[in-house]
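To start, the structure itself, in C-alpha cells.
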Amino acid sequence: MEKKQIQKIIDVNRLLLQQFGIPKQNSVQPSPLDMLIGTILSQNTNDKNSYQAYKNLKTKYPKWEEAHKAGRVSIEKEIRIAGLGYQKSKAIMEVLNGLNKRFGKYSLDDIIGNNDEMILTQLTAFKGIGVKTASCVLLFALGRNVCPVDTHVHRTVNRLRIVNENTPDKTFKKLNENFPPKIAHSFHTNLIRLGREICKPKSPSCGICPLFDLCHYELKNSTSTKITEQKSFMLLDNI
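Heads up, the sequence shown is in my numbering, so the first residue is 2 and it goes up one at a time.
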C-alpha cells in the first residue's frame, strides 16, 4: 500500500474518533475458539440476536466438547435466533470436528504463537470459515493489528479510495498491507458504525458524513444536495 493510502487510513481514523469516540473493548479478551464461534453466529444478523444465540449455546453446553457430543441438530436448536441455523451449526460442527481430530482438544490455544498469516491459513482451512471470520479472531481475541473486512468496511474503504477492489477478501489483503500500527480496532469498529448509520449501500447520508472531504464516491455531491434540500423543506415546514 502506498504512503498516501496509509496516511488516509490515519486521517480517517482520526476523524472517526472525533465523530464516534473510542470504541469500547472487552476488559477480558475472549478465547480464540469462543471468538471464532461467536463470529460464525454474527453472520447476517444483528448483534443482539447473535449474542443471544451464543448465550443460549453456552448456557446449554458450557464446554465445547459437550456441544460437539450433542451434535449439529442440537446446536441448531440453540442458535435459531441468529438465523441460518443449518449453515451456522454445520460450520460450528466442522470446527469442533477439526479441532478434535487435529489437536485432540477443543481449543485454539496452539495457534496463539503463530504469525498472522499462518493463523489465517489455519483457521480458513476449516470448512465454512472465511477470511473475515478468521481475521476477527486475530483482532478481537488475539489483539493483533489486523482490520477485518465485512460488507460495511469493504464499501466504505472503496468509496474513500483507500483501496480499489471488487471483493471483501481482495480488500482485506490490500488494506492490511502495512496497516498503520495500533489503530485496527478503532478503525474497524468505527468504520462499521459509519457504514450502518451514514455510509449506507443505498442513499448514503453524505451531507452529514465526517469523511465527506476525503471521499471519492461518485454520487456524493448529488446525495448531499438531496439532503440539503430535505433539510430546507423541513425548516420551511416549521416556519
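Ideal Cβ positions, reconstructed from N, Cα and C, are used throughout, including at glycine.
Remember, predicted model here, so these are calculated numbers, not experimental data.
Along the chain, where does the alpha helix (DSSP H) containing residue i start, and where does it finish?
i           : result
residue 87  : 86-103
residue 121 : 117-125
residue 128 : Premise fails: residue 128 is in no alpha helix (DSSP H) and is neither H nor E.
residue 75  : 73-79
residue 173 : 169-176
residue 185 : 185-198
residue 156 : 152-160
Just mark residue i as buried or exposed, buried being the case when its beta carbon has 16 or more other beta carbons within 10 Å.
i           : result
residue 219 : exposed
residue 73  : buried
residue 110 : exposed
residue 94  : buried
residue 138 : buried
residue 17  : buried
residue 79  : buried
residue 158 : buried
residue 13  : buried
residue 1   : No answer is possible for residue 1: it lies beyond the span of the chain, which begins at 2 and ends at 240.
Can you tell me which of the options puts its alpha carbon nearest to the alpha carbon of residue i?
i           : options           : result
residue 35  : 72, 183, 63, 49   : 63
residue 142 : 89, 114, 163      : 114
residue 41  : 208, 223, 96      : 96
residue 99  : 82, 150, 65, 210  : 65
residue 20  : 172, 106, 51, 194 : 194
residue 39  : 24, 17, 22, 58    : 58
residue 168 : 178, 125, 150     : 150
residue 214 : 135, 76, 162, 148 : 162
residue 118 : 108, 146, 196, 14 : 146
residue 32  : 108, 208, 154     : 108
residue 171 : 152, 188, 189     : 152
residue 127 : 28, 47, 30, 37    : 37
On the premise that residue j lies in contact with residue i, defined as a C-beta separation below 8 Å, what is that separation, rounded to the nearest angstrom?
i           : j           : result
residue 199 : residue 216 : Wrong, their Cβ atoms sit about 11 Å apart, outside the cutoff.
residue 112 : residue 120 : 5 Å
Quick one: complete alpha helix (DSSP H) runs, 4+ long, within the segment 19-49? 33-43
Just to confirm the assignment: which complete alpha helix (DSSP H) runs, minimum length 4, are found wholly within the segment 202-227? You should have found no qualifying run.
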